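Protein chains in written order, with my numbering: chain V, 9 to 282; chain D, 9 to 282; chain H, 194 to 496; chain E, 194 to 496. What follows is a set of notes on a single structure, which appears directly below.
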Ligand SMILES: Cc1cc2nc3c(=O)[nH]c(=O)nc-3n(C[C@H](O)[C@H](O)[C@H](O)COP(=O)(O)OP(=O)(O)OC[C@H]3O[C@@H](n4cnc5c(N)ncnc54)[C@H](O)[C@@H]3O)c2cc1C
Ligand SMILES: Cc1cc2nc3c(=O)[nH]c(=O)nc-3n(C[C@H](O)[C@H](O)[C@H](O)COP(=O)(O)OP(=O)(O)OC[C@H]3O[C@@H](n4cnc5c(N)ncnc54)[C@H](O)[C@@H]3O)c2cc1C
Ligand SMILES: Cc1cc2nc3c(=O)[nH]c(=O)nc-3n(C[C@H](O)[C@H](O)[C@H](O)COP(=O)(O)O)c2cc1C
Ligand SMILES: Cc1cc2nc3c(=O)[nH]c(=O)nc-3n(C[C@H](O)[C@H](O)[C@H](O)COP(=O)(O)O)c2cc1C
Ligand code: FES
Ligand code: FES
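Given below as structure tokens:
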């Protein structure tokens, strides 16, 4: 499962645009030299306007698109607090600190597999990048299942289309797509009998736990991209841990916790104590 | 000496431009409704991009120009730390919190007086506004004496001209104007025998102390605009005090300290224990 | 609409938000910026038996997400307060808590006795926690015995609620809390500032004229919450929580952690209307969360 | 060019900047970001006699200009350290200080004795100050007697310099400093984190799995400087200062206030190369100020 990962760098990236793409969702495009990012990896950003000011820690964000030739990396984020708000307000042309790429990548599906990407909320961005690479490879036709509280929390089609020709949506309130949870849509997809389904999920913890349970029940492989509060993002603080399910079989001196930032963020869902 | 002061307000002001006017000096023009500011008063600014982030306290800045009709207030500042840097980086069109006007004003000179304005470093901005109002009143021809470490620390002529037709400069290193201290220029001006000179000064503490001493020695009235670290700017924290010279004659329960933000920033120089 | 009224040690507060001692003077300077009648109350700047001129400047300096102050209890003294400051305060439509400090337990008693004659004071807050007082304040608040004595002295001289204001600069704040309750405190307020210092390395000098000062502002909120929660579990008297409160959410965190009411300090300097905005914010957050009475929230932290 | 070499309790440091315990692991994770040989040294993450899995997550949360952590001393234990971590550390061209903690004074002695056999350790730092250890750490560091006992136990088992790491969460840090010097400490490092808490008011739950945690980062710098200066005046052993150091100017403030060397903690998370940048910054500031040897600056604060 482990593939070679690009080298991490702590560099400056120039903001080439920031666009409001939905309700509280913004997309910032960063110009950064010689950085390659694999699908599922994330970066730690630090708006320079915050230097010498605080919030102190960086902003961990998944990468939602990469244009290697032009040296562009996109992040897609909801403005929820001071740091995301600061990022949104960085003027075009100004620099942000860019530490990355960090973490592991989504494992590539078997060539005959049907990838099903299940996302919710701010978990959708890494799936967009992953779906896009799958489609570009022209070997897979990923299904993208997306849930959100209401229509306003959904990303627009234009952002999702590069990742999947088969986007299915659910909203809690029925204001867009099917009313209800993404797990219903996932059940449907699995029951439709796609060949060798493999599920990749990223979103709120409760959603991923439900997806993991559902897959485990049907023996469908499932990979989840986890999120935890992060300080460093490169493994040194041991702050971002999650509990492993396989703790008995892992009498490692480090115990039964895995670091999301370097051991993940992507885990085989069966490894996690949901 | 006390004149009626405009009402204080805590409002939002829109940044209409930020220009680099010299070395590390920037001028930010703020669009703000219905605020009038008297010469010598200051404002406490809070870039909105700093809200929810820290530095926590506002930035006290003197007003360097006002266009009442168009509702424009200029501040002129050196970027010396995180807050002034943040102000400089506010995008045009974004809001900054604007608390003001604060403090007292430069007292108007007698109609037959010759105002001599003596400024150094970041003390020049309030003198620009004051000189401008004096010239606009067409009753006075203020002399403006400005000192700085070197040529790069001097403001350009275009900014000083509205305040005085007679600008005299000194630099510590002789790179512009006379080599040496502003006090030499002031001595010259006083010895040239202007009619009824009145000195107004704002700048580094040591400079103002020297100016005050010089004036006291010649019985020339002198008003100094002081600076202290400020928290509130409106008199409540009692943090920005300076020692009064007249402490014996002031057995006030509050002792011998005056608050720069409300009792000043402008004081008769003889009142201060330099 | 959520009921914001709060009973603190018998004092009926319009809402649980007060202005903290030393950050609102005696009310006057803030009146242009907010309607003090919209607050739960105000706690006046510490008064001492005699007037004090305060410490030499500089008295304040900004630090990361906070500030240091070494004002040094500049105040007009008890008589000056009663003559010059009280008449204005007495007219305000809000609860006035008078904060006192003195160099001995006896002087605390004398001050309290004298204040007994002043009509309209809601409670006495006893500052046994100022780091800027060389002859009292934190000197008392660092010792359970001295804390108990001072509070007992005040208790003996007043029928009003007595609130002991605690310092965070101690090993065992629970011991101090027990001591002040033993001494007769009806309530506790916490925290006063943390001891701090700023240095100018170029001049090799401390920034503050007084060398050290008290640290306040958002930087200290986590410390305040931890200590509040410890004290909440140990004593039964109500607590006024403070330390870095800047938003309604901050205030709600203190309520959940066990504060019956909160005080807003340093934030008032940055945003003179902060406390009123916090009241409005608490109301709308509680409304949205379907909370009928704000008092329901107090001490609901589940660990 | 300013001479940055620093003698700390007999240890010859290339410069006075080290990485703080718990913020640089055992060196490996940081190697991609900075040349560890450019630092004065690194202090390894606390090791305990047995491996520890650490506390339940969440273990960290950001606060104003700082963060709370409740890692809980996750570590591979003494044997795991010696077998798995030491070989890498031993090859680094920088001084390695090993930080230890244990539930009893005897176990501290045993650990120190065992480490005596490991070639190349520059000093032992004794963590009597962790707020995240329920069976040691701050429990010792809050009591002069217990502090003295633990340090004396370590002292009796090692010929290496012993550095006692102090907690700020005490009433009288000078008493603790005297106690560790009595116990035989060759140096002091300070400060460990301040006790703190974060609350999620909506869920009525503490944010950290462990309820409380330790506050670090720029928010605590003023507290660290004040306590450092107090201890500097009271004892003669050298002090490693830390708490919120993010820039070279911060580090210089600590030196002026009395630290012979400094440790950089939380800042490494934000800027993995922070410590190396601080070394470079100290050098250029001192050069510009015409300071021949950085040690000239130590304790030069004029009050
Ligand atoms: C590996 C990783 C990838 C991420 N990718 C994205 C992304 O692509 N798009 C996106 O919008 N966000 C993403 N996030 C979350 C994002 O980092 C946070 O929303 C952001 O840091 C919040 O900062 P703030 O100052 O704006 O808000 P804060 O005030 O810090 O937080 C606002 C709210 O979000 C919660 N929160 C903050 N950080 C986290 C976290 N790490 N995990 C769970 N809850 C948190 C807080 O508890 C609070 O309730 C990712 C996080 C991680 C760890
Ligand atoms: C009434 C008043 C009017 C002012 N008018 C102007 C003005 O017109 N133009 C201008 O450029 N600046 C002016 N200042 C100073 C300005 O407020 C500070 O430079 C600014 O707040 C620094 O913030 P910072 O975060 O950028 O830097 P910081 O990192 O806070 O400070 C950088 C350096 O400046 C020093 N400093 C900061 N604030 C003060 C202060 N109040 N007094 C003395 N030293 C200080 C610090 O000690 C430090 O050495 C004025 C200050 C006051 C009190
Ligand atoms: C400038 C200033 C002056 C203060 N003066 C007093 C005082 O006179 N008496 C007192 O009990 N507390 C005083 N305090 C402490 C505050 O009341 C409060 O306990 C502390 O600042 C923490 O709250 P905050 O972070 O909201 O400011 C003062 C605080 C500041 C910042
Ligand atoms: C995530 C984290 C883990 C820490 N772990 C330890 C530890 O294991 N042992 C120890 O003595 N100190 C530990 N500390 C405390 C630091 O070494 C340091 O004393 C403190 O963080 C203050 O410095 P700073 O503000 O530069 O981080 C830890 C701090 C952090 C933030
Ligand atoms: S965020 Fe520091 S180890 Fe993962
Ligand atoms: S700044 Fe608060 S009284 Fe002047």
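We treat Cβ as the ideally placed atom computed from N, Cα and C, and that holds for glycine. Note that the coordinates shown come from a computational prediction; the quantities given were computed from them, not determined experimentally.
Query, Result
"Pick out whichever of 64/V, 42/V, 221/V has its Cα sitting closest to the Cα of residue 77/V.", "42/V"
"When you check each C-beta in the region 62–76 of chain V against every C-beta of chain E, which residues fall closer than 8 Å?", "62, 63, 64, 65, 66"
"Does ligand 3 have even one heavy atom less than 7 Å from the beta-carbon of residue 238/H?", "yes"
"Mapping the DSSP letters down to three states, classify residue 357/H as helix, strand or coil.", "strand"
"Please classify residue 9/V as buried or exposed, where buried requires at least 16 other C-beta atoms within 10 Å of its C-beta.", "At residue 9/V the pLDDT is 38, less than 50, meaning the model places this residue with poor confidence; the figure from the coordinates comes in the next sentence. So residue 9/V ends up on the exposed side."
"Got a sec: does ligand 6 put a non-hydrogen atom nearer than 7 Å to the Cβ of residue 239/D?", "yes"
"Measuring only between beta-carbons, confirm whether residue 223/H sits less than 8 Å from chain D.", "yes"
"Would you decide whether residue 248/E is buried or exposed? Buried here means 16 or more other CB atoms lie within 10 Å of its CB.", "buried"
"I'd like to know if residue 85/D contacts chain H, where contact means its C-beta is closer than 8 Å to some C-beta of that chain.", "no"
"Thinking C-beta only, is residue 104/D closer than 8 Å to residue 53/D?", "yes"
"Taking C-beta pairs closer than 8 Å, name the residues in chain V that residue 362/E reaches, listed in chain order.", "Here the premise fails: no neighbours, minimum Cβ distance about 21 Å."
"For residue 134/D, collect the residues of the same chain with a Cβ closer than 6 Å to its Cβ; drop the 5 residues on either side in sequence, then sort them by chain order.", "48, 70, 210, 233"
"Residues in the same chain with beta-carbon distance under 7 Å from residue 79/D, minus the five sequence neighbours each way, listed in chain order, please.", "39, 40, 41"
"Consult DSSP for residue 50/V and reduce its assignment to one of helix, strand or coil.", "strand"
"With a threshold of 6 Å on Cβ separation, who are the neighbours of residue 249/D within its own chain once the five nearest residues in sequence on each side are excluded?", "265, 267"
"Is residue 252/E close to chain V? Criterion is C-beta to C-beta, closer than 8 Å.", "yes"
"Going along the chain, which residues of its own chain have a beta-carbon closer than 7 Å to the beta-carbon of residue 366/H, five neighbours each way excluded?", "359, 420, 423, 424"
"Assuming contact is defined by CB atoms lying nearer than 8 Å, are residue 269/V and residue 111/V in contact in what I supplied?", "yes"
"Are residue 17/D and residue 87/D closer than 8 Å when you measure CB to CB?", "no"
"Taking residue 439/H as the reference, which of 405/H, 231/H, 410/H, 428/H has the closest Cα?", "410/H"
"Taking the alpha-carbon positions, what's the residue 143/D to residue 74/D distance?", "14 Å"
"Can you check whether the C-beta of residue 208/D is within less than 8 Å of a C-beta belonging to chain H?", "no"
"For residue 462/H, which of 222/H, 494/H, 434/H has the nearest alpha-carbon?", "222/H"
"Taking 8 Å as the CB-CB cut-off, is residue 10/V touching chain D?", "Low local confidence applies: a pLDDT of 43 at residue 10/V is under 50, so the model's placement there is unreliable, and no value is given."
"Taking 7 Å as the limit between beta carbons, can you name the residues of its chain near residue 302/H, skipping five residues before and five after?", "346, 347, 349, 350"
"Is there at least one Cβ from chain D nearer than 8 Å to residue 97/V's Cβ?", "yes"
"Check whether the Cβ of residue 266/H lies closer than 7 Å to any heavy atom of ligand 3, and answer yes or no.", "yes"
"Please state the DSSP three-state secondary structure of residue 18/D.", "strand"
"Count the other CB atoms, across all protein chains shown, that sit within 10 Å of the CB of residue 271/V; report buried if there are 16 or more and exposed otherwise.", "buried"
"Return no unless some Cβ of chain E is closer than 8 Å to the Cβ of residue 200/V.", "no"
"Between residue 137/V and chain E, is any beta-carbon pair separated by less than 8 Å?", "no"
"Return the bridge partner residues of residue 398/H from the DSSP annotation.", "393/H"
"Taking the Cβ atom as the reference point for each residue, do residue 305/E and residue 405/E lie within a distance shorter than 8 Å?", "no"
"Closer than 7 Å to a non-hydrogen atom of ligand 8 - does that hold for the CB of residue 340/E?", "With respect to ligand 8, the structure offers nothing, as its ligand set consists of ligand 1, ligand 2, ligand 3, ligand 4, ligand 5 and ligand 6."
"So residue 291/E contacts chain V; which residues on that side make the cut at Cβ distance below 7 Å?", "Here the premise fails: no neighbours, minimum Cβ distance about 16 Å."
"Could you check if residue 88/D belongs to the surroundings of ligand 2, using beta carbon to heavy atom distance under 7 Å?", "yes"
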